[in-house]
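**Student:** Dumping the structure here so I can ask a few things about it.
Residue numbers (the working numbering): 131 to 864.
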């Protein structure tokens, strides 16, 4: 029988059924993966539950020996095998136990070396990263410059390739030869153009012209190679426009050469004081070639469905030469007023003919874009103001300043405009014509402000001259000034309804709205067209006109009052009745009054224009009506003869003085006319009216009674006063 100790030492083989070599390999593999697990394996076996080990041993013995006693013979052999297996395992454990520390030490050493190598690599990586970044930062400007140079080189290479193709195309084309056969360009006027030297070949040449023109039209010219002056600075704000088509550019080439030859450099034809030379030359070239372009080139464009207008494209190409020339010349003469003014005048004449005669559109680039450049434009405004003020000085100091040019022509001289006023408004009109084609509304508004300043300046000058004439307010010069003021105000009011100034009003409205320079009421008035851009000037002129008219009316009225002194003192209480006189006649005391009125009316009718004279006599009548009513009628008492004489003087003599100016002058003397009615009522009607007025407790019955006898202006109290002025009441001492 086996002892318990012997039995406990034998289970190693069944627990590890693999042979020794396999066990060693497994242990080595496990040691490479996890040294700690391998070292602790014995501890794990020792910690195995004793109960489980006992069960395992019992099962092993049961299997190998069983209940058969004869099987005990196997014990020696079994013990020997187990012992041998135990020894092998012990050798393996000893071998492995001696190798593991070395391997661990080697692994740790390798790990340390790897760590050191890794740190060195990390340091190298940081250094290289910093170096690369510094190098990239340093090299970036070089890279940018190099990239730009490469792009330029590539662009140049494309241009060179393009030019090579153009050169080859030019070698293959006979377009310029065809133009030469047509005697292009036409330097002389159309009448002198003899056409083709051999008329028989004309159809063939025109056929070739059409073919080549269409082929050239299919080529797209690079923007950098256009013949147009792309170097004009942006400050000129030229409108965007498509390039001139290639065949037209080729047709323009000889004219461009001629222009630059004659109007550049030291040529005698290139005089800065003679801009009209090159401007007239361009206009002549446009005119010389119009017929050919319209009759020969335009049909080709129409045939292929091109929207291009040959004549306008040709004109646009020539126009760019003029713009180039102006941009070069203007800085040289900005501060010579005479030369600059002459240039502007010639340019404006050129523009007028270009647009009116040759139908050049206002949307195309024009000379006005050059003149609109800030420095040039401000100088233009300054020169315009200077010469306008000089002109105003000249016109006001002229001997004929206050004489109408049309004084001997009645139909034309309705306004009786003095020469200075007409010349001034012509000056303003010319200024409008000069700036109306400016390309932007802001520039036009600046010119409009100049015009308004000039109007205000002229008004002040007129006021100064008027003040010198105040002692002779009915004199010729005073009346001429008044006519001038009225004329300027009337013309400005007419201009306010002109489309051009209405457009400027809209532009001004937008500017004022952005800058908050006007009240909401003023903005609303501008927007609704209740006011105009000239309203401020018109209001000032109207005020001056009213003041001058008032002064004239006051002057005449003073004379009338002086002439009416005797008439006021007439014996109205003791004049004979109408029945006692064979024929009624004008009161002798009224003659000075009526003569004064007549003479002044005739004088001012001759000296004032119709509209002013109408205002004058109506203002005078209003004062006369009140004066006669208050000073003559209410200041006296009237018997029957006195009332009749007053009525005769008024209705048959005073009122008719104004019948030439209106159909019913009595309607302007309402106080006097109605006072005469009350004073001349028969006794019965007067008594009845007096009773009605005294008994009427309410206003409507009194008003109805007054209206019935023709009284509409006078109030009830006035009528009662007039009734009391009568002395012919029955049973009274009056």
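All C-beta atoms, glycine included, are put in the ideal place defined by N, C-alpha and C.
List the whole-angstrom C-beta distance separating residue 444 from residue 378, where the pair is believed to meet the contact cut-off of C-beta under 8 Å.
**Tutor:** 6 Å
**Student:** Residues in the same chain with beta-carbon distance under 8 Å from residue 166, minus the five sequence neighbours each way, listed in chain order, please.
**Tutor:** With a pLDDT of 38 at residue 166, under the threshold of 50, the modelled position of this residue cannot be trusted; read the value that follows with caution. Non-local C-beta neighbours of residue 166 in its own chain, meaning closer than 8 Å and more than five positions away in sequence, are absent.
**Student:** Whole alpha helix (DSSP H) runs in the segment 783-840 with 4 or more residues, listed along the chain?
**Tutor:** 800-809, 813-825 and 829-838
**Student:** Ignore the nearest five residues each way along the sequence and tell me which others in residue 382's own chain have a CB closer than 6 Å to its CB.
**Tutor:** 447
**Student:** Give the DSSP-derived three-state secondary structure of residue 852 in the structure shown.
**Tutor:** helix
**Student:** Does DSSP put residue 517 in a helix, a strand or coil?
**Tutor:** helix
**Student:** Could you tell me the alpha carbon to alpha carbon distance between residue 219 and residue 260, rounded to whole angstroms?
**Tutor:** 59 Å
**Student:** Tell me which same chain residues have a C-beta within less than 7 Å of the C-beta of residue 623, skipping the five on either side of it?
**Tutor:** 668
**Student:** Determine, using beta carbons only, whether residue 717 and residue 697 come nearer to each other than 9 Å.
**Tutor:** yes
**Student:** Can you tell me whether DSSP reads residue 768 as helix, strand or coil?
**Tutor:** strand
**Student:** Find out if the Cβ-Cβ distance for the pair residue 773, residue 810 is shorter than 9 Å.
**Tutor:** yes
**Student:** Which same chain residues end up closer than 6 Å to residue 617 when comparing Cβ atoms and leaving out the 5 residues on each side of it in sequence?
**Tutor:** Taken in chain order, the residues that qualify are 545, 547 and 551.
**Student:** Tell me which residue opens and which closes the alpha helix (DSSP H) that residue 396 is part of.
**Tutor:** Looking at the DSSP string, residue 396 is not in any alpha helix (DSSP H), and its letter there is neither H nor E.
**Student:** Am I right that residue 787 and residue 612 are in contact with their C-beta atoms under 8 Å? What's the rounded C-beta distance?
**Tutor:** The pair is not a contact, with the Cβ atoms about 22 Å apart (cut-off 8 Å).
**Student:** Here's the rule I'm using: 16 or more other beta-carbon atoms within 10 Å means buried, otherwise exposed. How should residue 224 be labelled?
**Tutor:** With fewer than 16 other Cβ atoms within 10 Å, it is exposed.
**Student:** What are the start and end residues of the alpha helix (DSSP H) that includes residue 337?
**Tutor:** 332-348
**Student:** Locate the alpha helix (DSSP H) running through residue 626, then write down its first and last residues.
**Tutor:** Residue range 606-626 is occupied by the alpha helix (DSSP H) that includes residue 626.
**Student:** Kindly indicate the opening and closing residues of the alpha helix (DSSP H) around residue 698.
**Tutor:** According to the DSSP assignment, residue 698 belongs to the alpha helix (DSSP H) that extends over 695-698.
**Student:** Near residue 707, what residues of its chain come up, given a Cβ to Cβ distance below 6 Å and the 5 sequence neighbours on each side ignored?
**Tutor:** 770 and 771
**Student:** Distance, Cα to Cα, residue 846 vs residue 724?
**Tutor:** Those two C-alpha atoms are separated by around 30 Å.
**Student:** Below 8 Å on the Cβ atoms is my contact criterion, and I expect residue 855 with residue 767 to pass it. Report the Cβ-Cβ distance as a whole number of Å.
**Tutor:** 5 Å
**Student:** Could you please give the first and the last residue of the uninterrupted alpha helix (DSSP H) stretch that includes residue 454?
**Tutor:** 440-463
**Student:** Below 9 Å between beta carbons: does that hold for residue 574 and residue 634?
**Tutor:** yes
**Student:** Is the beta carbon of residue 758 sitting closer than 9 Å to the one on residue 686?
**Tutor:** no
**Student:** Given this structure, state the Cα-to-Cα distance separating residue 425 from residue 432, to the nearest angstrom.
**Tutor:** 11 Å
**Student:** Taking the C-alpha atoms as reference points, what is the distance between residue 587 and residue 509?
**Tutor:** 20 Å
**Student:** Could you tell me the boundaries of the alpha helix (DSSP H) in which residue 435 lies?
**Tutor:** Here residue 435 belongs to no alpha helix (DSSP H), and DSSP marks it neither H nor E.
**Student:** If I follow the unbroken alpha helix (DSSP H) through residue 196, where does it start and stop?
**Tutor:** From DSSP, residue 196 is part of no alpha helix (DSSP H); its letter is neither H nor E.
**Student:** Run through DSSP, which three-state label would residue 566 get?
**Tutor:** coil
**Student:** Among 291, 561, 783 and 628, which has the Cα closest to the Cα of residue 521?
**Tutor:** 561
**Student:** Kindly list the residues whose CB is nearer than 8 Å to the CB of residue 740, restricted to its own chain and excluding five residues on each side of it in sequence; keep chain order.
**Tutor:** 544
**Student:** In three-state DSSP terms, what is residue 368?
**Tutor:** If DSSP states are grouped into helix, strand and coil, residue 368 belongs with coil.
**Student:** Considering only C-alpha positions, which residue in the set 296, 661, 779 and 315 is nearest to residue 762?
**Tutor:** Nearest option by C-alpha distance: 779.
**Student:** Exposed or buried, residue 625, counting other C-beta atoms within 10 Å across all chains shown (16 or more means buried)?
**Tutor:** buried
**Student:** In three-state DSSP terms, what is residue 468?
**Tutor:** helix
**Student:** For residue 511 versus residue 477, is the C-beta distance shorter than 9 Å?
**Tutor:** Going by C-beta atoms, residue 511 is not nearer than 9 Å to residue 477.
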